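For reference, the structure is listed below as structure tokens.
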Amino acid sequence: MTYLTLTNTSLKRFNSLGLNSTAATVYLPLETQGLIEVLKLTASKKRILIGKGCNILLSRDHYDESYAFIVTTMADDLQVHDHELVVETGLSLNRLAWFAQEQALDGYAFLEDIPGTVGGALIMNAGQFDEEIGPLVHWIEVFDLYDNTVHCIKPNPGFFTYRHSELASHQVVLRAGLKAVPGNEEKNLDKILDIKKKRYLKQPRKYPNAGSVFKRPKKDGQEFYTWKLFDEVGLRGYRIGDAQVSEKHPGFIVNLGHATPNEMTSLVKECMDRVKHHFDITLELEWRVID
Ligand SMILES: Cc1cc2nc3c(=O)[nH]c(=O)nc-3n(C[C@H](O)[C@H](O)[C@H](O)COP(=O)(O)OP(=O)(O)OC[C@H]3O[C@@H](n4cnc5c(N)ncnc54)[C@H](O)[C@@H]3O)c2cc1C
């Protein structure tokens, strides 16, 4: 067996916002070959790739048989080959960071507290402060949904930019080759713990969320912090049903318990409308909306 199948199931455990949408079919490939098999098998459906679901907004209550949800977290192998880390798409960033820590490799500490998988991180060039996953990448193996072929991409400069990569929506990440540069074990450990503490104190950890909702906006060459804009227009703590702009950090929207896709979507829209109206700034979602 190379994959598992769930039918008529809740997606609550597959999205970090904890929305209780349901899906007719969810596939869980156990390794890369299983992922390829599932992708071929579901060619006639709208295929939705999910890693840990830490950056998605489910906008529907139910996804019928025309959708195939494919959750990659069980395809999570990690090997060292020729001074390179070869990882399957579903490997968690936390596990990757700790593996690097244990092997005294440099450059991965910043990923320890970013929830998600390698695949999800490559799609949006996940990062924090001045570090992001892009510069760690040697190659990315992708499955092309257009012609059912597998190929390898070697990212050139410019492939990864702020919370964006050139990976197209028809390219599914299968595996990646990542740098393995020897470093200082103690320094890396200090960095992991330092980042963890700072983020823990700053971010809402009490309620389910999906990280920053919007990218940092720019206008006339000037960059803004979303949370500051939100404070100025009274959005801190603003709620629609159980969807709430976090009291602790307004850059986040949290689920107070039983938020629905409709409540989340309406709150996102309200935030965008207010910022547009008051500052003439168009916010761009960091979340990926699953329509
Ligand atoms: C508390 C919290 C803190 C966060 N902090 C940060 C942060 O500091 N920096 C940051 O960058 N992000 C942050 N995030 C967002 C999230 O952690 C990252 O975006 C992460 O990379 C998402 O990975 P994922 O596996 O959960 O992706 P998912 O949410 O599952 O998917 C994200 C997108 O990638 C697509 N996708 C997933 N896997 C594949 C694949 N194999 N092939 C093709 N497409 C695929 C999905 O279809 C979707 O469009 C945070 C989230 C939370 C909940």
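Per the working numbering, the very first residue in the sequence shown carries number 1; after that it's consecutive. All residues carry an ideal CB built from backbone N, CA and C; glycine is no exception. Predicted model, so just to flag it, every value in this text is computed and none were measured.
Sub-9 Å separation of residue i and residue j beta-carbons
i: Ala100; j: Trp139; result: no
i: Asn125; j: Ile133; result: yes
i: Val38; j: Tyr67; result: no
i: Pro135; j: Gly116; result: no
i: Gly90; j: Val172; result: no
i: Ala259; j: Gly18; result: yes
i: Glu286; j: Arg205; result: no
i: Thr226; j: Val275; result: yes
i: Tyr207; j: Val254; result: yes
i: Gly211; j: Asn55; result: yes
i: Ile195; j: Gln128; result: yes
i: His151; j: Val142; result: yes
i: Ala180; j: Leu85; result: yes
i: Leu35; j: Thr22; result: no
i: Phe214; j: Phe279; result: no
i: Glu270; j: Tyr238; result: yes
Any non-hydrogen atom of ligand 1 within 8 Å of residue i CB
i: Ile48; result: yes
i: Asn209; result: yes
i: Ile56; result: yes
i: Pro261; result: no
i: Gln203; result: yes
i: Thr72; result: yes
i: Met124; result: yes
i: Val38; result: no
i: Leu41; result: no
i: Arg216; result: no
i: Ile192; result: no
i: Ile153; result: no
i: Ser266; result: no
i: Val26; result: no
Residue i, buried or exposed, once every other Cβ within 10 Å from all chains shown has been counted against 16
i: Met264; result: buried
i: Asn209; result: buried
i: Leu178; result: buried
i: Glu284; result: exposed
i: Val268; result: buried
i: Lys191; result: buried
i: Tyr146; result: exposed
i: Asp29; result: In the sequence on display, residue 29 carries Pro and not Asp. Buried, because 16 or more other Cβ atoms sit within 10 Å of the Cβ of Pro29.
i: Pro155; result: buried
i: Val87; result: buried
i: Thr5; result: exposed
Nearest to residue i (by Cα), restricted to the options the options
i: Val233; options: Glu166, Gly241, Gln222, Val245; result: Val245
i: Gly221; options: Gln103, Gly53, Ile281; result: Ile281
i: Leu193; options: Lys218, Asn209, Ala97, Phe252; result: Ala97
i: Pro261; options: Asp273, His62, Glu31; result: His62
i: Arg47; options: Ile153, His249, Glu65; result: Glu65
i: Thr25; options: Pro182, Val118, Ile70; result: Ile70
i: Ser44; options: Lys202, Asn148, Lys154, Ile153; result: Asn148
i: Leu174; options: Ile253, Ile153, Asn15; result: Ile153
i: Glu102; options: Phe14, Gly183, Leu6; result: Gly183
i: Gly53; options: Arg199, Phe224, Ser16, Val213; result: Ser16
i: Asp130; options: Gly241, Leu58, Gly120, Leu111; result: Leu111
i: Arg236; options: Pro250, Phe224, Asp242, Leu229; result: Pro250
i: Asp76; options: Ile50, Lys40, Glu31; result: Glu31
i: Arg60; options: Lys196, Ser266, Phe279; result: Ser266
i: Asn188; options: Lys202, Ala109, Leu78, Glu88; result: Ala109
i: Asp273; options: Phe230, Gly257, Lys248, Leu256; result: Phe230
i: Asp291; options: Thr42, Thr5, Tyr27, Leu58; result: Leu58
i: Lys202; options: Glu185, Thr161, Phe252, Gly241; result: Phe252
i: Leu93; options: Leu78, Asp82, Ala104; result: Leu78
Those residues which DSSP pairs with residue i across a bridge
i: Lys218; result: Glu223
i: Ala176; result: Val87, Ile140
i: Phe252; result: Ser212
i: Tyr27; result: Thr5, Ile70
i: Pro182; result: Leu105
i: Glu112; result: In DSSP, Glu112 forms no bridge with anything.
i: Phe160; result: Ser165
i: Gly51; result: BP columns for Gly51 are empty, so no partner.
i: Gln79; result: Val86
i: Ser16; result: Bridge partners of Ser16: none, in fact.
i: Thr149; result: Asp144
heavy atom of ligand 2 below 8 Å from residue i C-beta
i: Gly177; result: Because ligand 2 does not appear in the structure shown, any question about it cannot be addressed here, the ligands present being ligand 1.
Cutoff 9 Å: residue i Cβ touching any chain B Cβ
i: Met264; result: No chain B appears in this structure, which consists of one protein chain only.
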